[in-house]
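Trainee: Top line first, the protein sequences correspond to chains G and D.
Per our numbering, the first sequence runs over residues 3 to 258.
Per our numbering, the second sequence runs over residues 3 to 258.
Number of protein chains: 2
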Amino acid sequence: MPRHALISLAVPPTLELRWVDDLYYGLEELSAAFGVTIVGGNLATTTGPIVVDVTVLGEVEEDLVVRRTGAREGDRLLVTGTLGAPAAALLAWEARVEIPERDRLLTAHRRPRPRVHEGRVVSQSRWATAMIDLSDGLATDLTRLCDANGLGVRLEADALPVDPGLYQVAHQLRIDALDLALRGGEEYELLVAAPPAHAQALAERIRTEVGTAATVIGEFVPAAQGRAVECQGRRVPLLPTGWDHFRQESTADRSA
Amino acid sequence: MPRHALISLAVPPTLELRWVDDLYYGLEELSAAFGVTIVGGNLATTTGPIVVDVTVLGEVEEDLVVRRTGAREGDRLLVTGTLGAPAAALLAWEARVEIPERDRLLTAHRRPRPRVHEGRVVSQSRWATAMIDLSDGLATDLTRLCDANGLGVRLEADALPVDPGLYQVAHQLRIDALDLALRGGEEYELLVAAPPAHAQALAERIRTEVGTAATVIGEFVPAAQGRAVECQGRRVPLLPTGWDHFRQESTADRSA
């Protein structure tokens, strides 16, 4: 459980104090919601853009720790929440695209909710074999999980919980929604590995106990089978940077 | 005692990996020297200059904690080491001034030694009533200590342990050495308050047990007497930004 936070800011000397105040309002609000105390930090000036560094310290019972390592072949992968909302928000905002769900997407981008309670349910279930959070996008963080465990992976494209707003943005900008969902980033969702016998039950438990969606999206396979996404009968290589849906993977072809 | 450290970097994408490696060599070397383990951190890119944020976590026995508050009227102030070496190094480097002690000063700037053992002696003596470290310069950090304790201060200019190299730089650049010593910054020396009966003994203990110089430089006075530096019979106001040696303080004139 998170307990203490330290906030370090590097800001341009011309920045209005109001900006810093507003940032702290947000930090205080989120900290209070999760019982976290801001205990320190630092303030410095920079000639460059604003840099905010947040260190959070927490505690967990030794026998409830879930690490990045520990996953086995056949373990299923499940992910909390939806994928791609923050990325869609940023794209829509940058391209000035008007979509029905603009405000909800922007909130997902600006006020991500840390999956603290979800993570607690996962660790207390004692079913999870490995876990990571999605800050750099599913493709990148899943690649890290594969690397850490020496495994390959097979994702089901149809199973991915793509945020509906992302389809709206992708349609307007004529880009590949699934690629965006894989690259995403800033979701802070949890990606969890659990044995086949327990994966669906774990997803169900997260939904029941916290009210957050959780979806089984694929499974770990032997490293020799590589890392790929199954999409409408095709097998497409999963790259840390997303996927290349124009490229059909051969058996020998493994993504880095 | 410091135990764990987290290192967050924001670097331009064009930065050579070698620079990051070199930074980590230095961090590892210093951590090892003080029994600190680097347990985490973050790496991000920025379009601005490099930002390095270091969080250090430590432990101290509850009855040995020395805070910023707790100083009383009449308490003497002592400071470890010397003042102004890092500031002198930066000035000499920027102005391309050649002075005999250039290398030693640059080392003081580039490789500051945290005063961990000195701080330990201070807290174990149980004499110290308040303490702060000098990262923003004596004038600024002493002002913080005065504010925290609701006190004024009288510094003895002749007692300040000004780094000899600072005089060389100040002479060449025709600037006021004492002002530079007061504004200084990046020294990471300890500024300690202790009752008059124990201040000299505490300074002596630091010298004996760690081999680091420690000097009594002034005393806390009632807030109504303001904050000033006694210099050759004159009383000059101490400002958070240094001092104004052209300005003679009247009794009613108090620095902020």
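Each residue gets a CB set at the ideal place from its N, CA and C atoms; glycine is no exception.
None of the values given here were measured: they were computed from a predicted structure.
Drop a sphere of 10 angstroms on the beta-carbon of ILE177(D), count the other beta-carbons inside from all chains shown, and report buried for 16 or more, exposed for fewer.
Mentor: Taking the second sequence and counting its residues from 1, the one referred to as residue 177(D) is at position 175. ILE177(D) should be labelled exposed.
Trainee: In or out: ALA258(G) buried (at least 16 other Cβ within 10 Å) or exposed?
Mentor: Mapped onto the first sequence, residue 258(G) falls at position 256. With a pLDDT of 38 at ALA258(G), under the threshold of 50, the predicted position of this residue should be treated as unreliable, and no value is reported.
Trainee: Could you give the distance in angstroms between the alpha-carbon of ALA73(G) and the alpha-carbon of VAL58(G)?
Mentor: Here residue 73(G) refers to the residue found at position 71 when the first sequence is read from its first residue. Here residue 58(G) refers to the residue found at position 56 when the first sequence is read from its first residue. Looking at the two C-alpha atoms, the distance is approximately 26 Å.
Trainee: Label MET133(G) either buried or exposed according to how many other C-beta atoms from any shown protein chain fall within 10 Å of its C-beta, with 16 as the threshold for buried.
Mentor: Walking along the first sequence from the start, residue 133(G) turns up at place 131. With 16 or more other Cβ atoms within 10 Å, it is buried.
Trainee: Going by beta carbon distance, what residues of the same chain come within less than 6 Å of GLU191(D), once the five residues before and after it are set aside?
Mentor: Taking the second sequence and counting its residues from 1, one reaches residue 191(D) at position 189. Closer than 6 Å at Cβ, skipping near neighbours: VAL81, THR82, GLY83 and LEU136.
Trainee: Might you give, ordered along the chain, the residues of its own chain that have their beta carbon closer than 6 Å to the beta carbon of ALA12(G), omitting 5 neighbours on each side?
Mentor: In the first sequence, the residue the question calls residue 12(G) occupies position 10. ALA46, THR48 and VAL53.
Trainee: Can you tell which of VAL41(G), MET3(G), PRO4(G) and GLY50(G) has its C-alpha closest to the C-alpha of THR16(G)?
Mentor: The residue labelled residue 16(G) in the question sits at position 14 within the first sequence. For THR16(G), the nearest C-alpha among the options comes from GLY50(G).
Trainee: Using 8 Å for Cβ pairs, my map puts GLY139(D) next to LEU184(D). What's the rounded Cβ distance?
Mentor: Position 137 of the second sequence, counting from 1, holds the residue named residue 139(D). Position 182 of the second sequence, counting from 1, holds the residue named residue 184(D). The pair is a contact, with the Cβ atoms about 7 Å apart (cut-off 8 Å).
Trainee: Whole angstroms is fine: what's the gap from ALA205(D)'s alpha carbon to PRO166(D)'s?
Mentor: Residue 205(D) sits at position 203 when you count from the first residue of the second sequence. Residue 166(D) sits at position 164 when you count from the first residue of the second sequence. Near 20 Å, if we compare the C-alpha coordinates of PRO166(D) and ALA205(D).
Trainee: Going by the beta-carbon positions, is the gap between ALA216(G) and SER127(G) smaller than 9 Å?
Mentor: For the purposes of this step, residue 216(G) is taken as the residue at position 214 of the first sequence. For the purposes of this step, residue 127(G) is taken as the residue at position 125 of the first sequence. Contact flag unset, no.
Trainee: Chain D beta carbons: is any one of them nearer than 9 Å to that of ALA12(G)?
Mentor: Counted from its first residue, the first sequence places residue 12(G) at position 10. With 9 Å as the cut-off, ALA12(G) counts as an interface residue toward chain D.
Trainee: Check whether the region 94-101 of chain D and the region 142-151 of chain D touch, using three or more Cβ-Cβ pairs below 8 Å as the test.
Mentor: no
Trainee: Tell me which residue opens and which closes the beta strand (DSSP E) that LEU153(D) is part of.
Mentor: As a first step, residue 153(D) is located in the second sequence; it is residue number 151 there, counting from the start. Per DSSP, LEU153(D) belongs to the beta strand (DSSP E) from 153-158.
Trainee: So, does the CB of ASN151(G) fall closer than 9 Å to a CB anywhere in chain D?
Mentor: Along the first sequence, read from residue 1 onward, the residue named residue 151(G) stands at position 149. Chain D contact via Cβ: absent.
Trainee: With distances taken from CA atoms, which of ARG117(D), VAL56(D), ALA179(D) and ARG104(D) is nearest PRO163(D)?
Mentor: For this step, residue 163(D) is matched to residue 161 along the second sequence. Out of ARG117(D), VAL56(D), ALA179(D) and ARG104(D), ALA179(D) has the C-alpha closest to the C-alpha of PRO163(D).
Trainee: Along the chain, which unbroken stretches of the beta strand (DSSP E) at least 3 residues long are found entirely within the region 69-151 of chain G?
Mentor: 78-82 and 132-136
Trainee: Please confirm if PRO51(D) has its CB atom under 9 Å from at least one CB of chain G.
Mentor: Walking along the second sequence from the start, residue 51(D) turns up at place 49. Answer yes: the Cβ-Cβ gap between PRO51(D) and chain G drops below 9 Å somewhere.
Trainee: Rounded to whole angstroms, how far is the Cβ of PRO4(G) from the Cβ of GLY60(G), which I believe are closer than 8 Å?
Mentor: As a position in the first sequence, residue 4(G) is number 2, starting the count at 1. As a position in the first sequence, residue 60(G) is number 58, starting the count at 1. Yes, PRO4(G) and GLY60(G) are in contact; Cβ-Cβ is about 4 Å, under 8 Å.
Trainee: With DSSP run on the structure shown, which of helix, strand or coil describes THR210(D)?
Mentor: For the purposes of this step, residue 210(D) is taken as residue 208 along the second sequence, with counting starting at 1. Note: THR210(D) maps to helix in three-state DSSP.
Trainee: Mapping DSSP to helix, strand and coil, what is ASP55(G)?
Mentor: Here residue 55(G) is taken as the residue at index 53 of the first sequence, counted from 1. Judged by DSSP in its simplified three-state form, ASP55(G) adopts strand.
Trainee: Going by DSSP, what residues sit across from GLU191(G) in a beta bridge?
Mentor: Within the first sequence, residue 191(G) is the residue found at index 189, counting from 1. GLU191(G) pairs with LEU136(G).
Trainee: Taking 9 Å as the threshold (beta carbon to beta carbon), is LEU259(D) in contact with chain G?
Mentor: Since the displayed chain D opens at 3 and closes at 258, residue 259(D) lies outside it and no answer follows.
Trainee: For VAL123(G) and ALA130(G), what's the separation of their Cα atoms in angstroms?
Mentor: For the purposes of this step, residue 123(G) is taken as the residue at position 121 of the first sequence. For the purposes of this step, residue 130(G) is taken as the residue at position 128 of the first sequence. Those two C-alpha atoms are separated by around 10 Å.
Trainee: Relative to the C-alpha of GLU339(G), which residue among VAL68(G), LEU153(G) and HIS111(G) is closest?
Mentor: For chain G, the structure presents residues 3 to 258; residue 339(G) sits outside this window and is missing.
Trainee: Counting contacts by CB-CB distance shorter than 9 Å, is LEU8(G) in contact with chain D?
Mentor: Sequence index remark: in the first sequence, residue 8(G) carries index 6 (1-based). Cβ-Cβ to chain D under 9 Å: yes for LEU8(G).
Trainee: Using a Cβ-Cβ cut-off of 7 Å (strictly less than) and excluding sequence neighbours within five positions of ALA91(D), which residues of its own chain qualify?
Mentor: The sequence position of residue 91(D) within the second sequence is 89, counting from 1. Answer for ALA91(D): LEU107, LEU108, ALA110 and HIS111, listed in chain order.
Trainee: Rounded C-beta distance between LEU157(G) and LEU240(G)? I'm assuming under 8 Å.
Mentor: In the first sequence, counting from the first residue as 1, residue 157(G) sits at position 155. In the first sequence, counting from the first residue as 1, residue 240(G) sits at position 238. Between LEU240(G) and LEU157(G) the Cβ distance is about 6 Å, and since that is below 8 Å, they are a contact.
Trainee: Please confirm whether THR57(D) has its beta-carbon closer than 9 Å to some beta-carbon of chain G.
Mentor: Stepping through the second sequence from its first residue, residue 57(D) is reached at position 55. Chain G places a beta carbon closer than 9 Å to that of THR57(D), counting this residue as a contact.
Trainee: With distances taken Cα to Cα, identify the nearest neighbour of ARG78(G) among LEU25(G), LEU193(G), GLY235(G) and THR214(G).
Mentor: Taking the first residue of the first sequence as 1, we reach residue 78(G) at position 76. The shortest C-alpha separation from ARG78(G) is found at LEU193(G).
Trainee: To the nearest angstrom, how far is the alpha carbon of VAL212(D) from that of LEU93(G)?
Mentor: Residue numbering aside, residue 212(D) sits at position 210 when the second sequence is read from its first letter. Residue numbering aside, residue 93(G) sits at position 91 when the first sequence is read from its first letter. When rounded, the distance between both Cα atoms is 58 Å.
Trainee: By a C-beta neighbour count over all protein chains shown, 10 Å radius and 16 as the cutoff for buried, is GLU229(G) buried or exposed?
Mentor: Sequence index remark: in the first sequence, residue 229(G) carries index 227 (1-based). Checking the sequence, you will find Arg at residue 229(G) rather than Glu. It counts as buried.
Trainee: Run through chain G and tell me which residues come within less than 9 Å of THR39(D), C-beta to C-beta.
Mentor: For the purposes of this step, residue 39(D) is taken as the residue at position 37 of the second sequence. Simply none; closest approach about 14 Å.
Trainee: Between which two residues does the beta strand (DSSP E) harbouring GLY43(G) extend?
Mentor: Position 41 of the first sequence, counting from 1, holds the residue named residue 43(G). First-last of the beta strand (DSSP E) with GLY43(G): 39-47.
Trainee: Along the region 112-146 of chain G, where does the CB come closer than 7 Å to a CB of chain D? Name the residues.
Mentor: Across the region 112-146 of chain G, no CB contact with chain D closer than 7 Å is found for any residue.
Trainee: Ignore the nearest five residues each way along the sequence and tell me which others in LEU175(D)'s own chain have a CB closer than 7 Å to its CB.
Mentor: Indexing the second sequence from 1 puts residue 175(D) at position 173. Cβ neighbours of LEU175(D) beyond the five flanking positions: LEU93, ALA97 and VAL99.
Trainee: Determine the extent of the beta strand (DSSP E) in which PRO15(D) is found, giving its start and end residues.
Mentor: Looking up residue 15(D) in the second sequence gives position 13. Here PRO15(D) belongs to no beta strand (DSSP E), and DSSP marks it neither H nor E.
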